[in-house]
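Participant: Residue numbers (my numbering): 7 to 304.
Cβ atoms here follow ideal geometry from the backbone N, Cα and C, with glycine treated the same way.
1. So if DSSP puts residue 66 in a beta bridge, which residue, or which two residues, is it bridged to?
2. Suppose only complete runs of 3+ residues qualify. What are the beta strand (DSSP E) ranges in the segment 163-236, listed by chain order?
3. Measure the C-alpha to C-alpha separation of residue 140 and residue 251 and round it to an integer number of angstroms.
4. Give me the residue from 175, 167 and 233 with the minimum Cα distance to residue 254.
5. Check for me: the beta strand (DSSP E) holding residue 261 runs from which residue to which?
6. Along the chain, where does the alpha helix (DSSP H) containing residue 288 start, and where does it finish?
7. May I ask you to verify whether the segment 259-274 touches the segment 237-247, counting CB pairs closer than 8 Å and requiring at least 3?
8. Excluding the 5 residues flanking residue 225 on each side, which residues of the same chain have their C-beta closer than 8 Å to its C-beta?
9. Return the Cβ separation of residue 273 and residue 170 in integer angstroms, given the expectation that the two are a contact with Cβ distance under 8 Å.
10. Just the C-alpha distance for residue 303 and residue 77, rounded to the nearest angstrom, thanks.
11. What's the C-alpha gap between residue 290 and residue 210?
12. Taking Cβ to Cβ, would you say residue 193 is nearer than 7 Å to residue 182?
13. In angstroms, rounded to a whole number, what distance separates the CA positions of residue 176 and residue 271?
14. Check the C-beta distance from residue 215 over to residue 230 and give it rounded, since I have them as a contact under 8 Å.
15. Between which two residues does the beta strand (DSSP E) containing residue 277 stretch?
16. Taking the alpha carbon of residue 198 as the reference point, which residue from 191, 268, 84 and 278 has its own alpha carbon closest?
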């Protein structure tokens with residue numbers, strides 16, 4: 007019925023009806039544009055939020071990557087410090103000239119060409135290669151350290167030092183005139199000039215295998231150095247070590263004297279190799295450092 011009245015009114019007043027219709031159309035168009043604008047705004051806001059979330063995720067991932075690389079860098083730096091310390095220790099053990107291998111000095115580097123950005127994958131690959139290089143170097147240096155340590159042990163057990171500091175040989179090894187009444191005798195060792203009470207020194211690392219009196223030798227101390235070597239120190243006034251004592255090269259083991267078959271204070275020194283007495287000269291000639299730098303007699 008209302009529709010009928012509106013239709014009748016439009017027929018009666020067509021201009022007014024047209025104006026009303028135009029106004030209604032404008033209102034409906036404005037509402038539609040407003041709804042579309044709000045939808046577009048909401049879509050833009052959602053896209054911006056998604057973009058910011060993606061940026062935040064990328065930043066988090068990048069920071070995790072940086073943290074992982076920093077951790078690996080710290081591990082490599084620790085390995086480098088260990089290798090530098092090991093290299094310095096081997097330099098000292100090998101008695102290399104000072105400055106020949108300076109592990110604290112940075113190495114020189116150079117090269118032409120332009121630089122470029124390094125991709126993360128390439129950086130990780132180079133870190134992997136560096137880690138492998140460090141691991142191989144660590145293994146090689148450890149083997150070298152073991153070899154040098156064994157070499158030092160062998161040298162420390164070799165009777166290559168003098169049994170008394172600042173002395174000289176008064177009677178050599180081999181045949182000589184018997185100092186008691188003439189005749190000939192085979193002298194099994196070397197005699198070193200000494201005064202009563204002078205310190206008698208172990209010529210190498212070892213274990214005391216005998217400490218007591220032997221016929222003709224007086225107060226004797228013997229040291230087993232391993233590898234078949236035994237040294238004997240005779241005619242002492244007093245013994246400072248007992249059987250089973252561990253001694254180091256240069257350590258005092260007795261006091262010089264003139265006990266046993268002796269014409270005066272001295273140190274009688276013998277070297278036995280695999281149960282056979284040998285001339286100590288072939289050992290003493292290699293290293294007389296203890297005689298030069300050992301305790302001073304006074």
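Facilitator: In brief:
1. Bridge partners of residue 66: none, in fact.
2. Listed in chain order, the complete beta strand (DSSP E) runs (minimum 3 residues) inside the segment 163-236 are 175-177, 180-183, 190-193, 196-199, 205-207, 212-220 and 224-232.
3. 43 Å
4. Out of 175, 167 and 233, 167 has the C-alpha closest to the C-alpha of residue 254.
5. 258-262
6. 287-290
7. yes
8. 218, 219, 240, 241, 242, 243, 244, 245, 260, 263, 265 and 266
9. Contact flag correct, Cβ pair sits at about 5 Å.
10. Its pLDDT being 38, under 50, residue 303 is placed unreliably in this model, and the value from its coordinates should be taken loosely. Roughly 59 Å separates the two Cα atoms.
11. 11 Å
12. yes
13. Going from the Cα of residue 176 to the Cα of residue 271 covers about 11 Å.
14. 4 Å
15. First-last of the beta strand (DSSP E) with residue 277: 272-279.
16. 268
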